[in-house]
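Residue numbering for the sequence shown follows the numbering used here, beginning at 1 and increasing consecutively. By construction, the Cβ of each residue, glycine as well, lies at the ideal position given by its N, Cα and C atoms. Heads up, the thing below is written out as structure tokens.
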Amino acid sequence: MEARAVHRFLGSSPRKMRLVVDLIRGLPVDKAMEILHFSPKHASRDAEKVLRSAVANFMNREETTRVEPEDLYVKEAYVDNGPTLKRIRPAPMGRAFRIRKRSCHITIVVDSRD
């Protein structure tokens, strides 16, 4: 039985988030949390928060049986593009440069190793 957690409209670019999420795909949850906690990348904070939420969702779903986090692993972890906010920045000689503020959706699925 698996559980998932999704964080939508995250204010980080999908490319930066994928660098972090690729580190934890397929790993045990305790090892994945350790990697995310000590990663210097700013996106790892949000990824760790989603991973903790997925583990909590799994624990709440399986209330009858006791499951330890060491028995769980990251089954799926992926990042999708979110909407892009388009902004204008003034440029020299009356021109304007477009700024694209990207967002992403991160999904993490955990499952037990049975």
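Option in the options with minimal Cα separation from residue i
i, options, result
"residue 5", "35, 93, 60 and 30", "60"
"residue 114", "84, 28 and 15", "28"
"residue 51", "65, 24 and 104", "24"
"residue 77", "102, 103, 41 and 54", "54"
Same chain only: Cβ atoms within 8 angstroms of residue i, ignoring 5 sequence neighbours per side
i, result
"residue 48", "33, 36 and 37"
Own chain partners of residue i with C-beta closer than 7 angstroms, once the 5 adjacent residues on each side are dropped
i, result
"residue 97", "89 and 91"
"residue 2", "75, 109, 110 and 111"
Assigned secondary structure, residue i (DSSP; H/G/I helix, E/B strand, else coil)
i, result
"residue 19", "helix"
"residue 69", "helix"
"residue 5", "strand"
Cβ-based burial, residue i [other Cβ within 10 Å; buried from 16]
i, result
"residue 46", "buried"
"residue 9", "exposed"
Own chain, CB closer than 6 angstroms to residue i, minus 5 neighbours either side, in chain order
i, result
"residue 72", "29, 110 and 112"
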